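Here the structure comes first, spelled out in structure tokens, and everything after it is commentary.
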Amino acid sequence: MSAEPIMEPIMEPVAPKPQPQVDPIDLLSKLESASPMPIRPEYVEGTAYVPPQPDENHNDGIGELYLQFRTAGVHLVGFGSGFRAADKDGATTALVAPDFSVRRRKASELDESYRKAHRGWYPVDMLALVGEVTSTNHETDTGPTLRTYAAAGIPVYVLIDRHAKTAHC
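Each residue of the sequence shown is one higher than the one before, counting from 0 in numbering that gives the first Met the number 0.
And the structure:
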């Protein structure tokens with residue numbers, strides 16, 4: 000018995016072409032425009048995340064904290080702004096909108112230019128402290144959000160657990 004030689008060329012396996020990376024800012028913009036109600040999605044640990052709509056108790060808690068910081072003389076406290084973290088190559092690693100924050104500095108012209116270039120997201124290095132008031136998704140605040148803030152180099156993370164009526168730092 001003899002075997003016939005294989006005359007067809009052996010094809011080398013072809014590696015799949017890398018898919019183009021979607022800028023997380025583009026992804027979140029599409030989520031915002033597709034939503035029937037105003038939302039501020041975040042990008043945490045490689046995943047787009049839409050926090051639950053805050054209720055009145057949540058907003059009251061943030062308002063009380065804001066007033067306490069201001070009364071204590073902390074004038075760089077704020078809420079409602081979004082912040083962008085990037086790796087050393089400039090790629091977006093996180094887009095976060097903390098419930099409240101304390102900035103290291105007032106926004107400079109450079110910070111405002113950065114915000115315009117990144118469609119509404121300030122640089123994360125402006126932050127000295129971030130805080131979250133728990134919502135219905137407590138696990139996100141104590142897991143991915145906590146890790147994201149730590150990876151972004153924000154030194155202080157405050158979590159107000161309004162269900163347990165405790166604060167954690």
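Ideal Cβ positions, reconstructed from N, Cα and C, are used throughout, including at glycine.
Please read these numbers as outputs of a predicted model, since none were measured by experiment.
Is it buried or exposed for residue 84, if we count other Cβ within 10 angstroms and need 16 for buried? buried
For residue 86, three-class secondary structure by DSSP: coil
Taking the alpha-carbon positions, what's the residue 167 to residue 159 distance? Rounded to whole angstroms, residue 167 to residue 159 spans 6 Å at the Cα level.
Would you call the region 23-42 and the region 73-93 touching, i.e. three or more CB-CB distances under 8 Å? In short, these stretches touch, since the Cβ pair count reaches three.
Take residue 50 as the anchor and find which of 67, 72, 27 has the nearest alpha-carbon. 27
For the candidate residues 32, 102, 46, whose alpha-carbon lies nearest to that of residue 68? 102
Three CB pairs or more closer than 8 Å across the region 60-75 and the region 106-114: no
Does residue 44 come out as helix, strand or coil in the three-state DSSP assignment? coil
Could you name the residues that DSSP lists as bridge partners for residue 93? 84
Mind checking who residue 159 pairs with in its DSSP beta bridge? Beta-bridge pairing links residue 159 to 132, 166.
At which residues does the beta strand (DSSP E) containing residue 100 begin and terminate? 99-102
Of all the options 131, 123, 141, which has the alpha carbon lying nearest to the alpha carbon of residue 60? Of the candidates 131, 123, 141, the one whose C-alpha sits nearest the C-alpha of residue 60 is 131.
May I ask which residues mark the beginning and end of the beta strand (DSSP E) holding residue 122? That run of the beta strand (DSSP E) goes 120-122.
Using only CA atoms, which one of 98, 93, 136 lies nearest to residue 123? The shortest Cα separation from residue 123 among 98, 93, 136 belongs to 93.
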